[in-house]
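Enquirer: Residue numbers (the numbering used here): 104 to 379.
Built from N, CA and C at the ideal position, the CB exists for glycine as well.
Take a look at this one; I'll ask things after.
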């Protein structure tokens, strides 16, 4: 059954190359994190990409607009947000890539729900994830249930989400996740035995400030060593303007590998796709 979208706004990303439809209130609204996450995968990526817990689809849509050789499935359990993504795919601004984007309304954490939505095990080449980041009981959740579910992890925490990603991604497929910096230990623990060759990119507001976000990438089944990469600094010493590299990602559709050489890896994000 289709779910009607709530009151929404139309928000432009990548300098207008992407238009997302987002709830005006009551849900998490995507922005910087989603666009940076999408930039983790380069323009030459091929195969199927799952945007897991896609919300209104900003990350997946941004990736689809850049990587013309890939297809994207937006996986989201909240029907209102799926309705927003469906509306976005009908917008003329997104016509160039809308045919390569599918929607799946499913609870990512439930194997039966994934199966019912057609999300077969090991059927994706890449996965993106911008998960809720608070453990239940550690913070005061929003009284709005939908907003709370966007920020507070369910039973099983990050481990359950990484487990689901590992189930969906093929061997040697990839995962990229963006989280607050203080959640790094939890995501590294959750990846153990599932995704290896981990690389962590800290994101700093300014050069002299601690990282507020980390971007983590890994390869399913890899035994390559862990790497802590040089951080990406978002802003200059003063003001709110973005530095040239981040600005190219946010406004021009550049990938992280284009502007931050330590992220570049010809063996990651552009691997041979799943064969049906």
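For residue 177, which beta-bridge partners are listed by DSSP?
Expert: The partner list for residue 177 (beta bridge, DSSP) reads 154, 206.
Enquirer: In chain order, which continuous runs of the beta strand (DSSP E) of length 3 or greater are located wholly inside the region 264-297?
Expert: As for any beta strand (DSSP E) of minimum length 3 sitting wholly inside the region 264-297, the runs are 272-283, ordered along the chain.
Enquirer: Can you tell which of 124, 208, 132, 140 has the C-alpha that lies nearest to the C-alpha of residue 356?
Expert: Closest by C-alpha distance to residue 356, out of 124, 208, 132, 140, is 140.
Enquirer: Mind checking which residues open and close the beta strand (DSSP E) that includes residue 127?
Expert: Following the DSSP letters along the chain, one finds residue 127 in no beta strand (DSSP E), marked with neither H nor E.
Enquirer: Take residue 242 and list the residues in its own chain whose beta-carbon comes closer than 6 Å to its own, dropping the five residues that flank it on each side.
Expert: In this prediction, residue 242 has a pLDDT of 47, which is less than 50 and means its spatial position is unreliable; what the coordinates show is noted afterwards. Contacts found: none.
Enquirer: Report the option in 115, 297, 128, 313 whose CA atom is closest to the CA atom of residue 162.
Expert: 115
Enquirer: Would you report the Cα separation of residue 206 and residue 188, rounded to the nearest angstrom?
Expert: Roughly 8 Å between the two C-alpha positions.
Enquirer: Measure the C-alpha to C-alpha separation of residue 328 and residue 298 and round it to an integer number of angstroms.
Expert: When the Cα atoms are used, residue 328 and residue 298 turn out to be separated by approximately 11 Å.
Enquirer: Whole-angstrom Cβ separation of residue 334 and residue 300, contact assumed at under 8 Å?
Expert: A Cβ-Cβ separation of about 19 Å leaves residue 334 out of contact with residue 300 under the 8 Å criterion.
Enquirer: Would you say the region 345-362 touches the region 137-152, given that touching needs at least three Cβ pairs under 8 Å?
Expert: yes
Enquirer: Using CA coordinates, which residue listed in 313, 219, 197 is at the minimum distance from residue 285?
Expert: Measuring from the Cα of residue 285, the nearest candidate turns out to be 313.
Enquirer: So what does DSSP say about residue 339, is it helix, strand or coil?
Expert: coil
Enquirer: What separation, rounded to the nearest whole angstrom, lies between the Cα atoms of residue 152 and residue 264?
Expert: 16 Å
Enquirer: Which residue from 214, 276, 348 puts its Cα closest to that of residue 306?
Expert: 348
Enquirer: With the cut-off set at 8 Å, would you say residue 209 and residue 119 are in Cβ contact?
Expert: Not closer than 8 Å, so no.
Enquirer: When you compare the CB positions of residue 127 and residue 112, do they come within less than 8 Å of one another, or not?
Expert: Contact annotation: residue 127 and residue 112 have beta-carbon atoms nearer than 8 Å.
Enquirer: For residue 253, count neighbouring Cβ atoms within 10 angstroms of its own Cβ and tell me buried if that reaches 16, exposed if not.
Expert: In this predicted model, residue 253 has a pLDDT of only 47, less than 50, meaning its place in the structure is not dependable enough to derive any value.
Enquirer: Helix or strand or just coil, what does DSSP make of residue 349?
Expert: helix
Enquirer: I need the DSSP call for residue 195, collapsed to helix, strand or coil.
Expert: helix
Enquirer: Looking at the strands, I want to know which residues DSSP matches up with residue 307.
Expert: In the DSSP output, where bridge partners are listed per residue, residue 307 has 336.
Enquirer: Quick check on residue 118: does DSSP put it in helix, strand or coil?
Expert: helix
Enquirer: Is it buried or exposed for residue 331, if we count other Cβ within 10 angstroms and need 16 for buried?
Expert: exposed
Enquirer: Classify residue 234 as buried or exposed, calling it buried when 16 or more other Cβ atoms lie within 10 Å of its own Cβ.
Expert: Buried, since its Cβ has 16 or more Cβ neighbours within 10 Å.
Enquirer: Starting from residue 316 and walking both ways along the beta strand (DSSP E), at which residues does that stretch end?
Expert: In this chain, the beta strand (DSSP E) harbouring residue 316 covers 316-323.
Enquirer: Smallest Cα separation from residue 226: which of 215, 232, 270?
Expert: 270
Enquirer: Between residue 199 and residue 192, how many whole angstroms is the CB-CB distance? I'm expecting something under 8 Å.
Expert: About 12 Å separates the two Cβ atoms, so there is no contact after all.
Enquirer: Could you give the DSSP three-state label for residue 330: helix, strand or coil?
Expert: strand
Enquirer: Quick check on residue 222: does DSSP put it in helix, strand or coil?
Expert: Collapsing the DSSP output to three states places residue 222 in coil.
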